[in-house]
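Worksheet: one structure, shown below.
And the structure:
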């Protein structure tokens, strides 16, 4: 089924450049745990589902944009962990998923990422991570 | 959720806001919002969206599943 929120359209199915984060040690403190997760990759996405099987149109769209750019990123599936699902919203003071982070800094959700992609700022922000020609 | 209610919530906080709401999925819980206000001037995109998100935060827990926000200034 096509995703009505995919701004790239269905013709674009680049290889997946994202990978689900595997948590090694879980800190007891939720805030510390989130910091550990966010810090595991310069480009990080909290999403519903995984890059292979996104469970929400907005999450799928952000993955599609990142795959299209070909930047390496890691993801966390909030549907698999209720602590993080709520915790990440408190951490960023942002009420929705997906949430996109670069070098630990919250950048935005789907709308912001889409707008930054469309005006070229996302490419600029991630230029050090783009695949070399 | 009642679209008029959302408009009122927003204009209570952002007084000069014009709010346009569309139903993205036909289920009235995935909403497209275009908010135009001069209070967005000079603010970064994330701050503009935060102003709107803060207002909808409570509604997003229950009545609204997802919003797509576009913020613009009036001129």
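Protein chains in written order, with the numbering used here: chain G, 42 to 174; chain X, 2 to 76.
Quick reminder that beta carbons are idealized off the backbone N, C-alpha and C, glycines included.
> Going by alpha carbons, who is nearest to residue 4 (chain G) out of G:58, G:43, G:48, G:44?
Replying inline: What is shown of chain G runs 42 to 174, which leaves residue 4 (chain G) out entirely.
> Three-state secondary structure (DSSP) at residue 79 (chain G)?
Replying inline: DSSP places residue 79 (chain G) in helix when its eight states are reduced to three.
>> According to DSSP, simplified to helix, strand and coil, what is residue 86 (chain G)?
In response: If DSSP states are grouped into helix, strand and coil, residue 86 (chain G) belongs with the strands.
>> Whole angstroms are fine: how far does the CA of residue 61 (chain X) sit from the CA of residue 146 (chain G)?
In response: One C-alpha to the other measures close to 23 Å.
> At least one CB of chain X closer than 8 Å to the CB of residue 122 (chain G): is that the case?
Replying inline: So no, residue 122 (chain G) is outside the interface.
> What residues in the segment 140 to 159 of chain G have a beta carbon less than 9 Å from any beta carbon of chain X?
Replying inline: Those residues of the segment 140 to 159 of chain G that come within reach of chain X (Cβ to Cβ, closer than 9 Å) are 147, 148, 149, 150, 151, 152, 153, 155, 156, 157.
> How many angstroms separate the CA atom of residue 78 (chain G) from the CA atom of residue 169 (chain G)?
Replying inline: A straight line joining the alpha-carbon of residue 78 (chain G) with that of residue 169 (chain G) spans about 21 Å.
> Since residue 68 (chain G) contacts residue 115 (chain G) with CB under 8 Å, what's their CB separation in whole angstroms?
Replying inline: Between residue 115 (chain G) and residue 68 (chain G) the Cβ distance is about 17 Å, and since that is not below 8 Å, they are no contact.
> Helix or strand or just coil, what does DSSP make of residue 72 (chain X)?
Replying inline: Note: residue 72 (chain X) maps to strand in three-state DSSP.
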